[in-house]
Amino acid sequence: MKCPFCENKETLVKDSRHSEDGEIIKRRRYCSDCGSYFRTLEYLLIPEILVIKRNGSNVPFSIDKLLHSMKIAVRKRSVQHEVIEEAVLRISKIIRKENKVTSNYIGALAMKELSSIDQVAYIRYASVYYDFNSIADFTSFIQKVSDE
Ligand SMILES: [Zn+2]
Numbered sequence: 001m002k003c004p005f006c007e008n009k010e011t012l013v014k015d016s017r018h019s020e021d022g023e024i025i026k027r028r029r030y031c032s033d034c035g036s037y038f039r040t041l042e043y044l045l046i047p048e049i050l051v052i053k054r055n056g057s058n059v060p061f062s063i064d065k066l067l068h069s070m071k072i073a074v075r076k077r078s079v080q081h082e083v084i085e086e087a088v089l090r091i092s093k094i095i096r097k098e099n100k101v102t103s104n105y106i107g108a109l110a111m112k113e114l115s116s117i118d119q120v121a122y123i124r125y126a127s128v129y130y131d132f133n134s135i136a137d138f139t140s141f142i143q144k145v146s147d148e
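What the sequence shown shows, in the UniProt record's numbering, is residues 1 to 148, in sequence order.
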């Protein structure tokens, strides 16, 4: 890592610390040329995951999009943002082992999370996921869920 002050290319790692889950490493570096200290941060870049949509087209997986769709489902419900963010992180941890996933699979994971977070949000999300068109669609789904 090049020194940001004098551009010397040879700098020394003085200290290295990683986060609890080992996914972030912070380093303190020293430049012996100008005597400066600076810090670097190393973290995992999630490789691009392709999401295969129902119409067969592919889009790159977006954590923001998933977060947004789940936040819409919990709108006006008393669910904390952190709870949804943690659920999204769990989902992204599951799918980042793949390089291709279907939007159906992501939807199923989101529904599984929502079913244990908030029942109303779960049904809202399912109504989009299964493309409910009528009250009958809702009642048969609610019936099915209540039977489980
Ligand atoms: Zn330097």
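All residues carry an ideal CB built from backbone N, CA and C; glycine is no exception.
For residue i, the nearest candidate out of the options (CA to CA)
i	options	result
I91	K53, R77, K65	K65
G56	K26, S103, E48	S103
T40	K97, L109, K14	K14
M1	I24, Y30, I25, Y130	Y30
I117	A108, I63, V51, Q80	Q80
V88	L109, D147, K26, E42	L109
E98	F138, F38, I52, E42	I52
Collapsed DSSP secondary structure at residue i in the structure displayed
i	result
E113	helix
Y130	coil
N58	strand
S78	coil
D118	coil
K93	helix
residue 149	For the chain, the structure presents residues 1 to 148; residue 149 sits outside this window and is missing.
V65	Per the sequence shown, the amino acid found at residue 65 is Lys instead of Val. If DSSP states are grouped into helix, strand and coil, K65 belongs with the helices.
K9	coil
K144	helix
K100	strand
K71	helix
C-alpha gap between residue i and residue j, whole angstroms
i	j	result
K9	C3	6 Å
A136	I49	36 Å
C34	R28	15 Å
N133	A126	12 Å
residue 151	I142	As displayed, the chain neither begins before 1 nor continues past 148, which places residue 151 out of reach and without an answer.
G107	K144	18 Å
K100	K93	14 Å
S140	S16	56 Å
V128	S36	55 Å
L114	I95	17 Å
F5	L12	14 Å
I24	P47	16 Å
R75	E7	50 Å
Tell me, please, whether the segment 67-83 touches the segment 104-124 by the rule of three or more beta-carbon pairs shorter than 8 Å.
yes
Are the segment 79-88 and the segment 47-62 touching by the rule of at least three beta carbon pairs closer than 8 Å?
no
Which ranges would you report for the beta strand (DSSP E) in the segment 18-53 if only whole runs of at least 3 residues count?
24-31, 37-43, 50-52
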